[in-house]
Amino acid sequence: MLKDLFYELMSSYTDAQYATTLWEEIETAYSKKRRYYHTLHHLDNLVQQLLPVKNEIADWDVLLCSVFYHDIVYSTMKKDNEEKSAELAVKRLNKTTLDKERIEACKKQIIATKKHIITNDVDTDLFTDADLSVLGASPAVYDTYAINVRKEYYIYPDALYKPGRRKVLEHFLLMDSIYKTKHFAGLYEKQARINLQREADSLI
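Numbers given in the working numbering equal positions in the sequence shown, counted from 1, plus 43.
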């Protein structure tokens with residue numbers, strides 16, 4: 044359970060009272076009314092995607108911090124969600140005993156989800172690949188994801204949404220490889236390209 048995982052993580056770095064304060068803030072943020080994809084379910088999926096490669100991850104605790112905070116600030120009307128999420132993570136984690144270097148690593152991992160390009164840092168690349176795992180999901184799961192993303196952008200009419208969404212999809216399709224790591228590329232690269240192209244074609 045996500046909540047239990049968070050408490051277990053924070054037990055090494057702060058007291059139960061502050062851990063509760065942090066969890067309640069996270070739970071509230073990811074449960075907001077207009078969130079359909081960027082929810083607690085998304086965080087849980089990220090954890091499930093990363094568990095099989097846990098032995099490849101140098102700092103599991105930092106990566107979990109990145110998971111919990113990477114979309115805590117999310118507005119479809121803003122272009123600085125990643126930066127704002129990273130800033131909030133730093134602010135909250137600075138009140139724990141997690142050292143500054145590791146907090147900085149968390150900040151960099153969160154900001155890396157903005158462009159999803161290779162960093163040559165194994166932890167970061169695995170994290171951003173896991174964040175994109177939905178792109179290579181089954182067609183049915185992908186279609187639900189696409190529908191939920193559209194719901195989050197409800198304020199934009201199709202005339203604005205469709206060209207913008209196509210630009211995002213084509214950005215990934217033009218990459219030599221959508222995934223930076225052998226693990227995730229092997230699992231999802233082929234299906235991701237099929238899903239992305241199918242959605243792009245539907246937006247014409």
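For each residue, glycine too, the CB sits at the ideal point set by N, CA and C.
On a predicted model such as this, the values are computed, not experimentally measured, just so you know.
Three or more beta-carbon pairs separated by less than 8 Å are not found between the region 131 to 143 and the region 211 to 218, which leaves the two stretches without contact. Fully contained in the region 67 to 107 are the following alpha helix (DSSP H) runs of length 4 or more, in chain order: 83 to 93. The region 88 to 103 and the region 72 to 79 do not touch, with fewer than three beta-carbon pairs separated by less than 8 Å. Approximately 4 Å separates the beta-carbon atoms of Val116 and Lys127; this is inside 8 Å, confirming the contact. Excluding five sequence positions before and after Ser109, the CB atoms of its chain that fall closer than 8 Å to its own CB belong to Ala132, Cys149, Gln152, Ile153 and Phe170, given in chain order. Pairing Val192 with Tyr80 gives a Cβ-Cβ distance under 8 Å. Taken through DSSP and simplified to helix, strand or coil, Thr140 comes out as coil. Comparing C-alpha distances from Asn238 to each of Ser245, Ala202 and Pro182 shows the shortest one belongs to Pro182. Here Lys223 is buried: its Cβ has 16 or more other Cβ atoms, across all protein chains shown, within 10 Å.
Spanning the alpha carbons of Gly179 and Met53 requires a straight line of approximately 32 Å. Ranking Ile198, His226 and Arg241 by CA distance to the CA of Lys121 puts Ile198 first. Assigned with DSSP and collapsed to three states, Asp114 falls in coil, not helix or strand.
With a contact defined as Cβ atoms closer than 8 Å, Thr162 and Ala155 qualify at about 6 Å.
Rounded to the nearest whole angstrom, the C-alpha separation of Tyr50 and Leu136 is 14 Å. With 16 or more other Cβ atoms from the protein chains shown falling within 10 Å of its own Cβ, Arg208 counts as buried.
Judged by DSSP in its simplified three-state form, Pro206 adopts helix. Residue ranges of uninterrupted alpha helix (DSSP H) with 4 or more members are absent from the region 204 to 244; none lies entirely inside it.
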